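> To start, I am sharing the structure in question, which I have written as structure tokens.
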Amino acid sequence: MRAGTTIPAARDRRSRTGRRTRTACTAALLLAVTALPTSAAAASDPTHVDGRLPSGATYTMDVPAHWNGTVLLFSHGYTTGPANPAQNAPDDATKALLLRDGYALVGSSYATTGWAVTDAVPDQLATLSAFTERFGTASRTIAWGRSYGGLVTTALAERSPDRIDGSISLCGLVHGGVANWNNTLDPVFAIKTLLAPDSDVPLVGIADQGAADAAAGTLTSVVDSAQTTAEGRARIALAAALHNIPVWNQPTQPRPGAADWDAQQANQYEAVKGLLKIAAFNRRQEAEARAGGNMSWNTGVDYARLLGESSVRKEVSELYRKAGLSLRADLTALNRAPRISADPAAVDWMSRTSSFTGRLTRPQLSVHTIGDALVPVQTESALKRAVTAAGSAPLLRQAYTDNAGHCTFSPAEQLSALHTLEDRLTTGRWTGTDPDSLNSRARKADPTTPTRYVPYRPTPYPRPYDLAHPADRR
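Following my numbering, the numbering of the sequence shown begins with 2 at its first residue and continues without gaps.
The following block contains the structure:
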């Protein structure tokens, strides 16, 4: 039986010095457990606490009776709408394994939904303070998060390193906000320019969610129509390549052969429609409203160069050849089309709140699926470049799983990442970050779910000049 309690927000404790001993933590936990029923079952159940922060965000905590002294601060992904629950684990199966192994799990909702990093970071820190007030100081604190939560986690790692010991980003937007929205602009710019040149669909400066719905619907219909012709399919593949959409991007899709260009494009077609329906308009409109204007641009972008660096450029060339189209002519059309300029104030807001310098002071492990269409694996190249330029490369390790989809990690793979970071924190050096070691750890943690770590090196992120705030560029 779980006991639910609402407690006030704790004060923000900035110093990580003077940690209490494990004995003190255990004593605090025993005091909390005395409020539970005295049945044998209740004695082994986690202590469950729900609460609300002054910001209006809620938080949730689960602390097992055999707490091992480590607290995991989980940052959840992008949410919209009125439902905004607090989350302290990526999924129920992984949560159960973590509690079994003695980890305390905490996490908040954010005071607002959408592109809410300015709420998420302080809300997560306040949740840590509330945990410390209730259960005592943890011997180790690890921040982790998935998808947009990977961006929040990386922001915590850069901006509040005194509150954590290390961090894990899973399928995260680790290229930062400015790069994310620029990378989202490129494929829709290609679709409109090549498939709907006379359309008045706004790609930026979207008035409201109604206008976003209308724009998404219009370009989705254009893409559906284009998919019926060889010429249209080639151009959809070009748009997909500018976002580095992989040719296998959903677990339900058949994995196409290396030269099965038609099957590859069919898989990308579904992902392009998903991009139009989710991020390109509705989420963009919400982010623009926060930023106070358009934070994206393609002035100065050479689309021939972007295609040349894409992971799927060979597929595009082959489909253009098959369709009898001139790829050179379409790239010239893209490069000559009227460009989109950004609002400097909006870029500044997005840079200050949502971009990264690469200056790590605590170890970070970043993990990505290789078949991610929403947050392509090339974002990891952006993170590595920024961290290397900042002189923090020894603190970063990256790993890749051979599966399709966004954040489709198994519980075993996620626990393996956690144990790898823990080894780094314990020994002071990275060991076992190769795929064989990661898979071995995963099988030991949970032999019932897949282990798919593989050697992988993503192609370069296509826009190297828009990753960080201008003041932080070198």
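Glycine included, each C-beta is placed from N, C-alpha and C at the ideal position.
Predicted model, so just to flag it, every value in this text is computed and none were measured.
Can you name, in chain order, every residue of its own chain whose Cβ lies under 6 Å from the Cβ of arginine 453, other than the five neighbours on each side?
The residues are Thr402, Asp403 and Asn404.
> Is it the case that the CB of arginine 444 approaches a heavy atom of the ligand MG more closely than 6 Å?
Of ligands this structure carries none, so the ligand MG is not represented either.
> Cα-Cα, which of Pro456, Tyr149 and Asp163 is closest to tryptophan 182?
When each option's Cα is compared against that of tryptophan 182, the closest is Tyr149.
> Which residue's Cα is closest to the Cα of tryptophan 116: Arg442, Met296 and Phe190?
Nearest of Arg442, Met296 and Phe190 to tryptophan 116, Cα basis: Met296.
> Buried or exposed: which applies to proline 247, given that a residue is buried once 16 or more other Cβ atoms fall within 10 Å of its Cβ?
The residue is buried, with at least 16 neighbouring Cβ atoms inside 10 Å.
> Which residues in the same chain have their Cβ closer than 6 Å to the Cβ of proline 461, if we skip the five residues on either side of it in sequence?
Excluding positions up to five away in sequence, the list reads Glu310 and Ser382.
> Of all the beta strand (DSSP E) runs that stay within the bounds of the stretch 31-104, which reach a length of 3 or more residues?
Counting whole runs of 3 or more residues, the stretch 31-104 contains the beta strand (DSSP E) stretches 48-53, 59-64 and 71-76.
> Among Ala58, Leu73, Leu276 and Ser56, which residue has its Cα nearest to the Cα of valine 64?
Answer by Cα proximity: Leu73.
> Kindly indicate the opening and closing residues of the beta strand (DSSP E) around serine 168.
Taken as a continuous stretch (DSSP letters only), the beta strand (DSSP E) holding serine 168 covers 167-171.
> So, with DSSP's three-state summary, where would you put aspartate 303?
DSSP places aspartate 303 in coil when its eight states are reduced to three.
> Taking C-alpha atoms, which residue in Thr450, Ala418, Pro257 and Phe136 lies nearest to isoleucine 143?
Of the listed residues, the one whose Cα sits closest to isoleucine 143 is Ala418.
> Pop quiz: aspartate 447 and leucine 98 are said to be a contact at Cβ under 8 Å. What is the actual Cβ separation, rounded to whole angstroms?
Correct: roughly 6 Å between the Cβ atoms.
> Any idea if serine 312 is buried or exposed, counting beta-carbon neighbours within 10 angstroms, 16 or more meaning buried?
The residue in question, serine 312, is buried, as its Cβ has 16 or more Cβ neighbours within 10 Å.
> Please state if the CB of alanine 240 and the CB of proline 188 are separated by a distance shorter than 7 Å.
Result yes, Cβ atoms of proline 188 and alanine 240 sit closer than 7 Å.
> If we count Cβ pairs, one from each stretch, closer than 8 Å, do we get three or more for the stretch 197-214 versus the stretch 406-416?
Result no; under three Cβ-Cβ pairs closer than 8 Å.
> Within 10 angstroms of its Cβ, does alanine 260 collect 16 or more other Cβ (buried), or is it exposed?
Under this definition alanine 260 is an exposed residue.
> Whose C-beta lies closer than 7 Å to the C-beta of proline 459 among residues of the same chain, with five residues either side of it excluded?
Around proline 459: Val378, Gln379, Glu381 and Ser382.
> Around the Cβ of threonine 81, are there at least 16 other Cβ atoms within 10 angstroms (buried) or fewer (exposed)?
Threonine 81 comes out exposed.
> Under the rule that 16 or more other beta-carbon atoms within 10 Å means buried, what is threonine 133, buried or exposed?
Its Cβ being crowded by 16 or more others within 10 Å, threonine 133 is buried.
> Specify whether the stretch 99-113 and the stretch 51-58 touch according to this definition: at least 3 beta carbon pairs, one from each stretch, less than 8 Å apart.
Short answer: they touch.
> When the Cα of leucine 174 is compared with those of Ala280, Asp424 and Pro451, which residue comes out closest?
Comparing Cα positions, the closest option is Ala280.
> Kindly indicate which residue of Pro345, Ala400, Phe282 and Gly429 has the alpha-carbon position closest to the one of serine 467.
According to the sequence provided, residue 467 is aspartate. The question's serine does not apply to it. For aspartate 467, the nearest C-alpha among the options comes from Pro345.
> Report all residues from its chain with a CB closer than 7 Å to the CB of threonine 432; omit the five preceding and five following residues, and keep chain order.
Cβ neighbours of threonine 432 beyond the five flanking positions: Asp424.
> Spatial neighbours of serine 411 within its chain, please: CB distance less than 6 Å, with the 5 preceding and 5 following residues excluded, ordered by chain position.
The residues are Thr450 and Pro451.
> Less than 7 Å separating the beta-carbons of alanine 227 and leucine 204?
Their beta carbons are not under 7 Å apart, which means alanine 227 does not touch leucine 204 by this criterion.
> Tell me the start and end of each unbroken beta strand (DSSP E) in the stretch 196-220 that is at least 3 residues and wholly inside, in chain order.
Listed in chain order, nothing qualifies, since the stretch 196-220 has no complete beta strand (DSSP E) run of 3 or more residues.
> Could you compute how far the alpha carbon of alanine 391 sits from the alpha carbon of arginine 430?
Roughly 19 Å separates the two Cα atoms.
> By how many angstroms is the C-alpha of alanine 84 removed from the C-alpha of glycine 1?
Here the chain covers residues 2 to 475 and nothing more, so residue 1 does not appear.
> How far does the alpha helix (DSSP H) with aspartate 373 in it reach, from first residue to last?
Counting along the chain, aspartate 373 falls outside any alpha helix (DSSP H), and DSSP gives it neither H nor E.
> I believe alanine 231 touches lysine 323 by the beta-carbon criterion, under 8 Å. Please report the beta-carbon distance rounded to the nearest angstrom.
Their Cβ separation, rounded to whole angstroms, is 6 Å, which keeps alanine 231 and lysine 323 in contact under 8 Å.
> Who are the Cβ neighbours of arginine 398 in its own chain at under 6 Å, not counting the five residues just before and after it?
Counting only Cβ-Cβ distances below 6 Å, and skipping sequence neighbours, we find Leu366, Trp431 and Thr434.
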